[in-house]
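Note that the working numbering has the sequence shown beginning at 1, numbered continuously upward.
Data block below; observations after.
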Amino acid sequence: MADALWILVANASRARLFSTDERAEKWDLREELFHEESRQRSVDLLNQPENPNAGTLRKPSAENEPNGRQSLEHDRFARQLAERLERGLNDRAYERLVIAAPPEFLGRLRKVISQRVHQHLMMDLRADYSNIPAQELPERIPII
């Protein structure tokens, strides 16, 4: 295996994927992923007219609700990250996995991560470290 340990630091719109060896002395940024739709939705929703569907009859759905649309985007990003973790496992890029994410997004990730990936998950942290500089993360995420 090229990298024994992967660390995913994520929130609903940004994720950084790091790799390190068994000693966890140096973390290397493998990939940074952004989900702009998760960020833009809240801004877009604030800019919508108060009643954009006046005069039309529409069946309510999660996609038509402001929070529902944003929630759907968060789910999409969680699935995208789960697929990335699955590919890494298939490529034998890691043996162990650590995930740090805010509680709500961590719950979404847990729901969509495969059983195979779960078996390699050694720790998950309910914390938003997405804006913490990379060099400070090893102090905040105790791996050893």
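We put the beta carbon where it would ideally sit given N, CA and C, even for glycine.
Cβ distance (whole Å) where residue i is taken to contact residue j below 8 angstroms
i	j	result
residue 141	residue 125	6 angstroms
residue 89	residue 122	So it is not a contact: roughly 13 angstroms between Cβ atoms.
residue 6	residue 129	15 angstroms between Cβ atoms; not a contact.
residue 108	residue 78	4 angstroms
Member of the options whose CA lies at the smallest distance from the CA of residue i
i	options	result
residue 135	5, 29, 76	29
residue 87	117, 77, 107, 74	117
residue 35	25, 22, 81, 27	81
residue 76	26, 8, 22, 14	14
residue 143	92, 71, 100	100
residue 12	18, 138, 131	131
beta-carbon residue i near the ligand ATP non-hydrogen atom, thresh 7 angstroms
i	result
residue 21	Annotation note on the ligand ATP: not contained in the displayed structure, which lists no ligands.
Residue i - containing beta strand (DSSP E), residue span
i	result
residue 32	28-34
residue 141	Looking at the DSSP string, residue 141 is not in any beta strand (DSSP E), and its letter there is neither H nor E.
residue 10	5-10
residue 23	It is not in any beta strand (DSSP E) - residue 23 carries neither H nor E in the DSSP assignment.
- request: Tell me the start and end of each unbroken alpha helix (DSSP H) in the stretch 53-137 that is at least 4 residues and wholly inside, in chain order.
  value: 66-90, 103-112, 115-120
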